[in-house]
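**Student:** In the numbering used here, the protein residues as written are 4 to 262. Yeah, the Cβ is synthetic: ideal placement off N, Cα and C, and Gly gets one too. Keep in mind it's a predicted model, so treat the numbers as computed, not measured.
1) Does the beta-carbon of residue 173 have 16 or more other beta-carbons within 10 angstroms, so that it is buried, or is it exposed?
2) Determine, using beta carbons only, whether residue 189 and residue 177 come nearer to each other than 7 Å.
3) Where does residue 207 land, buried or exposed, given buried means 16+ other C-beta within 10 angstroms?
4) Taking just the CA atoms, how far does residue 22 sit from residue 133?
5) So if DSSP puts residue 97 in a beta bridge, which residue, or which two residues, is it bridged to?
6) May I have a chain-ordered list of the beta strand (DSSP E) segments no shorter than 3 residues that lie completely inside the region 76-128?
7) Give the single residue among 103, 68, 113 and 61 whose Cα lies nearest to the Cα of residue 87.
8) Touching or not, the region 44-55 and the region 246-259, by the rule of three or more beta carbon pairs under 8 Å?
9) Residues in the same chain with beta-carbon distance under 8 Å from residue 62, minus the five sequence neighbours each way, listed in chain order, please.
10) Please work out which residues of its chain come closer than 7 Å, Cβ to Cβ, to residue 236, disregarding the five sequence neighbours upstream and downstream, and give them in chain order.
11) Across which residues does DSSP place residue 228 in a beta bridge pair?
12) Check each candidate in 224, 11, 147 and 202 and name the one with the smallest Cα separation from residue 183.
13) What's the C-alpha gap between residue 72 and residue 126?
14) Given a cut-off of 7 Å on the beta-carbon distance, is the pair residue 230 and residue 79 in contact?
15) So residue 168 is in the alpha helix (DSSP H); what residue range does that whole segment cover?
16) What does the alpha-carbon distance come out to for the pair residue 114 and residue 121?
17) Determine which residues share a DSSP beta bridge with residue 193 and list them.
18) Could you tell me which whole alpha helix (DSSP H) segments of length 4 or greater appear in the region 4-33?
19) Can you check whether the CB of residue 171 is closer than 7 Å to the CB of residue 197?
20) Let me check understanding here. Comparing Cα to Cα, which of 233, 138 and 70 lies closest to residue 99?
21) With contact counted as at least three CB pairs below 8 Å, one residue from each stretch, are the region 208-228 and the region 5-14 in contact?
22) How many Å lie between residue 239 and residue 130 at the Cα?
23) Would you identify the three-state DSSP class for residue 67, choosing helix, strand or coil?
24) Hey, how far is the Cα of residue 119 from the Cα of residue 4?
25) Let me check understanding here. Comparing Cα to Cα, which of 168, 104 and 151 lies closest to residue 158?
26) Kindly list the residues whose CB is nearer than 6 Å to the CB of residue 64, restricted to its own chain and excluding five residues on each side of it in sequence; keep chain order.
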């Protein structure tokens with residue numbers, strides 16, 4: 004019987020983390036680095052320097068990849084650049100995403116809907132397909148982790164349909180690719196955050212005040228979630244300890260969906 008510490012050991016692995024500059028993506032990158040994983044992290048408008056410093060403080064390497072995930076041709080460069088830098092990769096974290104407010108009516112924008120679809124869904128599928136191809140050829144298994152949301156289980160307020168649609172879709176993507184890649188030792192899972200205190204969820208004092216009320220009313224644990232709440236679950240799913248879990252979306256929501 005293997006020791007639990009051996010099962011949890013991911014030291015020496017390489018992870019690609021999209022959306023690594025801030026929020027949950029940054030916390031995941033740092034958490035993996037703290038466990039001995041080198042990081043290839045994508046960023047767009049937000050500087051990668053803070054994440055790089057945190058990863059290096061954990062004793063690991065950070066390779067920045069500047070990419071606009073709204074552009075398929077740029078998404079296609081992520082995996083080749085990571086392999087060119089490190090010679091391999093073992094873990095793919097699909098954390099990059101965007102909120103979208105696009106209510107039905109005179110202001111509805113098909114362009115905005117397509118932008119949300121590309122960022123939250125299409126580029127994730129493209130990266131999983133490319134990663135899966137690599138993992139199958141390498142023959143060493145692999146780990147893929149997507150980021151969904153409680154919006155992948157619930158409806159949300161008017162205008163949030165594009166976001167809700169894509170986050171529901173990520174659950175289907177996770178199940179389908181989890182089944183397809185399982186014979187090759189590749190697991191595909193997702194995490195579904197609840198109300199998490201990040202720059203995206205608390206952009207203004209008014210929005211933060213509104214979310215504070217939601218958390219007080221809807222979260223049985225009685226607090227906001229924080230990006231570091233995703234370190235442990237991510238590292239487990241990316242290790243041998245998570246090898247018998249695939250196709251699953253795991254709610255990390257403080258009980259939000261229980262109420």
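**Tutor:** So, from the data block:
1) Buried, because 16 or more other Cβ atoms sit within 10 Å of the Cβ of residue 173.
2) Not in contact: residue 189 and residue 177 (Cβ atoms no closer than 7 Å).
3) Residue 207 is exposed by the Cβ-count criterion.
4) Approximately 18 Å, taken between the alpha carbons.
5) Looking at the DSSP assignment, residue 97 forms a beta bridge with 149.
6) Taking only runs of at least 3 residues, the beta strand (DSSP E) segments lying wholly in the region 76-128 are 94-97.
7) Nearest of 103, 68, 113 and 61 to residue 87, Cα basis: 68.
8) Short answer: they don't touch.
9) If you ignore the 5 residues before and after residue 62, its C-beta comes within less than 8 Å of the C-beta of 36 and 39, all in its own chain and listed in chain order.
10) These residues qualify, in order along the chain: 194, 253 and 255.
11) DSSP lists 199 as partners of residue 228.
12) Considering only alpha carbons, the answer is 147.
13) Using only the alpha carbons, I get a separation of about 7 Å.
14) Not a contact, by the Cβ cut-off of 7 Å.
15) DSSP places residue 168 in the uninterrupted alpha helix (DSSP H) bounded by 164-184.
16) Looking at the backbone, the Cα of residue 114 and that of residue 121 are separated by about 11 Å.
17) Partner(s): 149 and 252.
18) For the region 4-33, whole alpha helix (DSSP H) runs of length 4 or above, ordered along the chain, are 7-10.
19) Going by beta carbons, residue 197 and residue 171 fall outside the 7 Å limit.
20) Per the Cα distances, 70.
21) Cβ pair count under 8 Å is below three, so no.
22) Each residue's Cα considered, the two are about 21 Å apart.
23) Three-state result, residue 67: strand.
24) In a straight line, the C-alpha of residue 119 is about 46 Å away from that of residue 4.
25) Residue 158 has its Cα closest to that of 168, out of 168, 104 and 151.
26) Result list for residue 64: 41, in chain order.
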